[in-house]
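Here the structure is laid out as structure tokens; the discussion comes afterwards.
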Amino acid sequence: MTFGQVTIQWNSSTQRFHLSLGTVGPNSGCSNCHNIILHQLQEMFNKTPTVVQLLQVLSDTQAPLNAINKLPTVPMLGLTQRTNTAYQCFSILPQSPTHIRLAFRNMYCIDIYCRSRGVVAIRDGAYSLFDNTKIVEGFYPAPGLKTFLNMFVDSNQDARRRSINEDDNPPSPVGGDVMDTLMSQFQAQQQQPMRGGPVGVYPPLTSPPTPYHPNVAPSPSMMPTQSPGTIHASGSPSGALRAPSPFGPTPSPSSLGIAMGPTSFASPHGALDPSSPYAMVSPSQRGQWPGSPQVSGPSPGARIHGMSPGNPSLHSPIPDASHSPRAGSSSGAMPSSMPPPRKLPQRSWAASIPTILTHNALHVLLLPSPTPCLVPGLAGSYLCSPLERFLGSVIMRRHLQRIIQLEPNLSIVNSNEPGVIMFKTEVLKCRVALNPKSYQTLQLKVTPENAGPWSQEELQVLEKFFETRVAGPPFKYNTLNAFTKLLGAPTNILRDCVRIMKLELFPDQATQLKWNVQFCLTIPPSAPPIAPPGTIAVVLKSKMLFFLQLTQRLPVPQEPVNIIVPIVYDMAMGLTQQADIPRQHSSSGAAALMVSNILKRFNELHPARQGECTIFASVHELMANLNLPPGGRQ
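Be aware that the sequence shown starts at 18, since it is given in our numbering, and climbs by one per residue.
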């Protein structure tokens, strides 16, 4: 087992401490995971030279940093229209020893805050830390991030934190006499007649509740903030905060071992998550942060004057409890005089409220894994993490909106469903949305506009090809653009292309063929020099140009032979032939000549009939009869 090592040295010339990181153990040659935050660790230790605090930070961040370091950071080409511009997949940007910012392709931003007790807090870093209605310049909010992160919440850990069973797990050092006083005040207010104000609005409390028991010494984490259960009433629309009484006891941060000091991050909501009891520092304490602007003013909790669900400060972006898989049950009944909680629409800034995940959940989120809900044979070869699949799918959905506006054969269809894109061609109506079960793939649902030649199997092949070959990793703009051009093609051409897609997705269904086929949506590097690699491989005008990759079926020990075949289909003549290859390579000369001869002979033996498309028949003939000489492509 390998352990991290830290060496502390005092430099008398600079009057500063210097930290050195290393590893000890069988794999001591590997890098220390804390190297990416070494600068932040040195700044923290020189400001507060406490070894105990340093060791605590190293312990709290080791597991998260081990997962973060496994994210791909190598720049990639061909991700956007500018195929020669490289974009970094993930950029790791440490903000402090316990705050790591992840930038995904310079578009989306994820903030990860390392906490004690084996948990981290994750939020959408595109939202300002001080005002969740403002966006950080250079980043875009990731729609659906909150729902996606909630899928990784450990329900058992979440239940323990919220301490649903109050008898076995006393949640707060609030004495019975104090609670009796609070309840008597609340009942007295209920008996008073309402004076003015809209119906359903409750008057403010006559006196603030005592935040701690008089006989218990308050901890620093208890003094400046209230527990979430005392801030929000049961009338709050937050599904995870629905309690039998607005003054029901909730666990204090100190009872959970969470010490909120200057290293804690601030948020205008006063809690990490409406479903989390973790307290947070108020904006008035932000001035204690190094390099932080001075922000004065009362705590957000102090500005909550009433218990009305209509109070804007109580509006929560968390969906209703009936729709939340994490909402816990309550041990008591809601008072009969309290109005039922209102169902508010999910706010666009919901992801600005942090989500608490365990270290195990963070590893699942950041480590490469197979794509869920997909047959292993249909999944691509690019293995990535759930977070990359989610953010990549969000990027592809954003690209699709732009492509539809630019593509003349596609027209947008208005949709009231959030996160859903609907568009149509002349014969097909398409719906694109994230997979609701995993939020890690984009799904296409195709419906014919009227009763036409489309079979259900053909539509399913088109949908599966989109999910596994188009909108999946590595999430390329030109791949999506090429597919939309196919959707806008005439019906007979599109149906032949779908039959080729079926051969790619299910090669075992055509065992009599000598080759496997792959529909190239972008030009591969080994293709004949017709266009630069990475550009769109589908051109649709009076003639159609597309590329196929054929892989020879050979026994496993032998290395398979791959060839790229550019094909041109003449819509007027109904002829399918190989495209002219300029500056023809000697490496592909023999194979290209054989492909051209097979297609010419097929056109002579099977002349096209009026309205018939010969693409699939010609490709099938090629896959069944192409025999390369010994030596492969030569």
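By construction, the Cβ of each residue, glycine as well, lies at the ideal position given by its N, Cα and C atoms.
Values in this document were obtained by computation on a predicted structure and should not be read as measured data.
Contact under 9 Å by Cβ, residue i with residue j
{"i": "Ile540", "j": "Leu565", "result": "no"}
{"i": "Ala84", "j": "Leu379", "result": "yes"}
{"i": "Thr97", "j": "Ser108", "result": "no"}
{"i": "Asn452", "j": "Cys401", "result": "no"}
{"i": "Gln533", "j": "Leu557", "result": "The sequence given here has Asn at residue 533, not Gln. Not in contact: Asn533 and Leu557 (Cβ atoms no closer than 9 Å)."}
{"i": "Met518", "j": "Leu459", "result": "no"}
{"i": "Ser547", "j": "Leu645", "result": "Per the sequence presented here, residue 547 reads as Ile, with Ser not at that position. Cβ distance not < 9 Å, so Ile547 and Leu645 don't count as in contact."}
{"i": "Gln529", "j": "Ala641", "result": "yes"}
{"i": "Asn495", "j": "Thr78", "result": "no"}
Status (buried if at least 16 other CB within 10 Å, exposed otherwise) for residue i
{"i": "Leu423", "result": "exposed"}
{"i": "Gly95", "result": "buried"}
{"i": "Ser428", "result": "exposed"}
{"i": "Phe20", "result": "exposed"}
{"i": "Pro599", "result": "exposed"}
{"i": "Glu484", "result": "buried"}
{"i": "Asn149", "result": "buried"}
{"i": "Gln535", "result": "buried"}
{"i": "Arg132", "result": "buried"}
{"i": "Glu434", "result": "exposed"}
{"i": "Leu622", "result": "exposed"}
{"i": "Lys454", "result": "exposed"}
{"i": "Lys64", "result": "exposed"}
{"i": "Glu576", "result": "exposed"}
{"i": "Gly489", "result": "buried"}
{"i": "Asp141", "result": "buried"}
{"i": "Thr388", "result": "buried"}
{"i": "Val430", "result": "exposed"}
{"i": "Ser635", "result": "buried"}
{"i": "Val573", "result": "exposed"}
{"i": "Thr31", "result": "exposed"}
{"i": "Pro545", "result": "buried"}
Distance, residue j Cα to residue i Cα
{"i": "Ser559", "j": "Ala589", "result": "8 Å"}
{"i": "Cys47", "j": "Val444", "result": "57 Å"}
{"i": "Arg448", "j": "Ala143", "result": "27 Å"}
{"i": "Ser172", "j": "Leu75", "result": "27 Å"}
{"i": "Arg134", "j": "Gln57", "result": "22 Å"}
{"i": "Ile25", "j": "Gln112", "result": "22 Å"}
{"i": "Leu562", "j": "Cys630", "result": "14 Å"}
{"i": "Gly161", "j": "Cys537", "result": "31 Å"}
{"i": "Leu166", "j": "Pro385", "result": "16 Å"}
{"i": "Gly155", "j": "Asn49", "result": "31 Å"}
{"i": "Thr67", "j": "Trp27", "result": "14 Å"}
{"i": "Ile127", "j": "Lys462", "result": "30 Å"}
{"i": "Arg122", "j": "Ala103", "result": "10 Å"}
{"i": "Arg570", "j": "Ala120", "result": "42 Å"}
{"i": "Met124", "j": "Tyr157", "result": "6 Å"}
{"i": "Phe633", "j": "Thr593", "result": "9 Å"}
{"i": "His637", "j": "Leu643", "result": "10 Å"}
{"i": "Gln473", "j": "Cys514", "result": "16 Å"}
{"i": "Gln526", "j": "Arg516", "result": "12 Å"}
{"i": "Asn377", "j": "Gly551", "result": "37 Å"}
{"i": "Pro524", "j": "Arg618", "result": "25 Å"}
{"i": "Gly345", "j": "Pro403", "result": "In this prediction, Gly345 has a pLDDT of 39, which is less than 50 and means its spatial position is unreliable; what the coordinates show is noted afterwards. Between Gly345 and Pro403, the C-alpha separation is close to 26 Å."}
{"i": "Asp587", "j": "Ala625", "result": "11 Å"}
{"i": "Arg33", "j": "His51", "result": "20 Å"}
{"i": "Gly591", "j": "Val487", "result": "27 Å"}
CB contact check: residue i to chain B, cutoff 9 Å
{"i": "Thr90", "result": "In the structure shown, chain B does not exist; there is a single protein chain."}
6 Å Cβ shell around residue i - same chain, five flanking residues per side excluded
{"i": "Ile129", "result": "Ile117, Val137 and Ile139"}
{"i": "Ser613", "result": "Gln595"}
{"i": "Ile54", "result": "Pro111 and Pro114"}
{"i": "Glu475", "result": "Val515"}
{"i": "Ile420", "result": "Asn498 and Thr501"}
Chain-order list of residues whose beta-carbon lies under 7 Å from that of residue i (same chain, five-residue window excluded)
{"i": "Leu639", "result": "Val612, Ile615 and Leu616"}
{"i": "Asn426", "result": "Thr442 and Gly505"}
{"i": "Leu417", "result": "Ile438, Val449 and Leu497"}
{"i": "Pro465", "result": "Val444, Leu445 and Trp471"}
{"i": "Ala80", "result": "His376"}
{"i": "Ala554", "result": "Ala499, Cys537, Leu538, Thr539, Ile540, Phe563 and Phe564"}
Whole-angstrom C-beta distance between residue j and residue i, which should lie under 8 Å
{"i": "Lys151", "j": "Ala367", "result": "In fact, because the Cβ distance is near 15 Å, the residues do not count as touching under 8 Å."}
{"i": "Gly409", "j": "Phe492", "result": "4 Å"}
{"i": "Phe169", "j": "Leu382", "result": "5 Å"}
{"i": "Gln477", "j": "Phe407", "result": "Actually they are not in contact, since the Cβ atoms of Gln477 and Phe407 sit about 24 Å apart, beyond 8 Å."}
{"i": "Phe62", "j": "Leu36", "result": "6 Å"}
{"i": "Gln22", "j": "Val41", "result": "5 Å"}
Same chain, Cβ closer than 8 Å to residue i, five either side skipped, listed in chain order
{"i": "Gln73", "result": "Ser133"}
{"i": "Leu531", "result": "Here the sequence assigns Lys to residue 531, which means Leu is not the residue at that position. Closer than 8 Å at Cβ, skipping near neighbours: Gln569, Arg570, Met640, Ala641, Asn642, Leu643 and Asn644."}
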